[in-house]
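Be aware that the sequence shown starts at 523, since it is given in the numbering used here, and climbs by one per residue. Don't be surprised by glycine CBs; every beta carbon is placed ideally from N, CA and C. This report refers to the structure that appears directly beneath it.
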Amino acid sequence: MIDRIQKAAMILRQGGLVAFPTETVYGLGADASNPEALRKIFIAKQRPMDHPLIVHVGKLAQLENWVSSISETAYLLAHTFWPGPLTLIFNKHSQVNDLITGGQTTIGIRIPNHPIALSLLQEFGGGIAAPSANRFGRISPTSSEAVWEELNGAIDFILEGGVCDVGVESTILDVSGEQCVLLRPGMITKDQIENLIQKPILLKQKEIPRVSGSFESHYAPQTPTILVKELDHYLNQEHDFPIGIVSFQDVASEEFIAVKMSHDPKQYAHELYRVLRELDKQNLKKIIIETVPENAAWDAIRDRIAKASSR
Ligand code: TXA
Ligand code: MG
């Protein structure tokens with residue numbers, strides 16, 4: 523009898539789509555060396571074809587199949603943070619399919635830190651291209667149930683792996699040029715990276731449209747969502763009810779469906795997408811999110827709640 527990891531690897535080899543857990547969010551995986559399989563990702567997600575995909579590999583030694591050069595800094599980052607929630611952008615190997623890179627000269631790679639993802643990568647042997655397993659523009663799934671809600675019918679198999687530990691997508695750092703550029707904040711912070719490499723990293727320019735997560739309408743609930751700094755003041759105004767509230771406070775009132783969040787950014791990130799997804803199902807007039815602290819530990823969360831509320 524074959525186990526589910528073998529079954530998933532077999533589906534990938536046959537050009538099918540497999541959703542699998544990572545420590546950040548669930549990915550929608552396809553054989554990164556099979557153009558037909560890659561095309562299915564874009565169809566299942568309804569994602570524009572020019573948005574590049576991250577290639578997941580199981581071992582550092584596989585990097586050379588996908589990239590053309592690796593700087594000392596990139597090695598240091600990979601050795602330190604992989605397996606883990608960091609995607610590195612390299613200059614691509616000449617053989618890499620345009621469907622992965624969106625026609626760009628660079629490629630995003632990471633080794634995810636989740637036992638099921640690592641077993642799948644080992645069993646499959648090659649690279650697995652995987653965006654988050656949600657429809658384009660929606661909230662990334664952090665449980666297999668959420669993948670089911672998003673992509674039911676559009677994929678061949680979901681590998682169950684419980685609730686994702688980190689809860690928001692990986693940090694994306696471009697290491698293809700002279701200076702490292704942070705393209706998407708994640709739970710591996712700018713400070714952690716700068717402390718390691720002992721030089722400053724640049725922040726993404728607003729105009730660079732290379733990361734689909736950098737389009738402002740991304741990661742958004744369907745329910746109108748707004749970010750509020752002074753929650754008490756806001757709640758005292760006139761409203762159309764019911765309203766969902768995501769804050770650090772105990773809001774006791776029948777008119778509000780309030781979720782009290784943790785002051786610990788790790789715990790907050792772990793819960794954020796599940797909370798937004800739950801509130802989004804409740805036919806609320808709007809969702810209010812209280813702003814979070816300004817320091818680096820909250821960068822990824824500030825980024826995602828800004829995007830959730832930008833429609
Ligand atoms: O945590 C994660 O990164 C998850 C899990 C499944 O690994 N994946 C994920 O994939 O969030 P996706 O496609 O939803 O977001 C990856 C982002 C995309 O916005 C894409 O534009 C960007 O990575 N990306 C991929 N390759 C790139 C490249 N060569 N240059 C710039 N951005 C790139
Ligand atoms: Mg995504």
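Measuring only the C-alpha atoms, how far is T747 from V547? Looking up residue 747 in the sequence shown gives position 225. Looking up residue 547 in the sequence shown gives position 25. The straight-line gap from Cα to Cα measures roughly 22 Å.
How close, in whole Å, do the beta carbons of I779 and K808 come, if the pair is a contact with beta carbons under 8 Å? Here residue 779 is taken as the residue at index 257 of the sequence shown, counted from 1. Here residue 808 is taken as the residue at index 286 of the sequence shown, counted from 1. Not confirmed; about 11 Å, so no contact.
Is P634 near the ligand TXA, with its Cβ less than 7 Å from a heavy atom? As a first step, residue 634 must be located in the sequence shown, where it is residue number 112. Yes - the ligand TXA has a heavy atom lying nearer than 7 Å to the Cβ of P634.
Can we count S654 as close to the ligand TXA, meaning its CB is less than 7 Å from some heavy atom? The residue labelled residue 654 in the question sits at position 132 within the sequence shown. Flag set: Cβ of S654 near the ligand TXA.
Ordered along the chain, which non-local residues of its own chain (more than five positions away) have a Cβ less than 8 Å from that of R796? As a working mapping, residue 796 is identified with position 274 in the sequence shown. Here the set comprises T664, S665, A668, V685 and G689.
Check whether the Cβ of E672 sits closer than 7 Å to any heavy atom of the ligand MG, and report yes or no. Looking up residue 672 in the sequence shown gives position 150. Flag unset: Cβ of E672 not near the ligand MG.
Beta-carbon separation (whole angstroms), L550 vs K567, contact threshold 8 Å: Reading the sequence shown from its first residue, position 28 is the one you call residue 550. Reading the sequence shown from its first residue, position 45 is the one you call residue 567. Yes, they are in contact, since the Cβ atoms of L550 and K567 sit about 7 Å apart, within 8 Å.
For a minimum of 4 consecutive residues, which ranges assigned as the alpha helix (DSSP H) are wholly contained in the stretch 735-807? 753-757 and 787-802
Thinking C-alpha only, which one of S616, Q804 and D572 is nearest T745? Position 223 of the sequence shown, counted from the start, is the residue given in the question as residue 745. Ranking S616, Q804 and D572 by Cα distance to T745 puts Q804 first.
Fully enclosed by the stretch 589-643, which beta strand (DSSP E) runs are 3 residues long or longer? 608-613 and 628-632
I want to know whether the stretch 626-641 touches the stretch 714-726 - three or more CB-CB distances under 8 Å. no
What ranges does the beta strand (DSSP E) occupy inside the stretch 695-730, keeping only unbroken runs of at least 3 residues that lie completely in it? 703-706
CB-CB under 8 Å to L471, same chain, minus the five flanking residues each way: which ones, in chain order? Within the shown structure, residues of the chain are numbered from 523 to 833, placing residue 471 beyond reach of any answer.
Flag this pair as yes or no: are the beta carbons of L810 and I767 separated by less than 8 Å? Residue numbering aside, residue 810 sits at position 288 when the sequence shown is read from its first letter. Residue numbering aside, residue 767 sits at position 245 when the sequence shown is read from its first letter. Correcting the residue type first, residue 810 is Ile in the shown sequence and not Leu. Yes, the pair counts as a contact, with Cβ atoms nearer than the cut-off.
First and last residue of the uninterrupted beta strand (DSSP E) at H542: Locating residue 542 in the sequence shown gives position 20, counting from the first residue. Correcting the residue identity first, residue 542 is Phe in this sequence and not His. First-last of the beta strand (DSSP E) with F542: V540 to F542.
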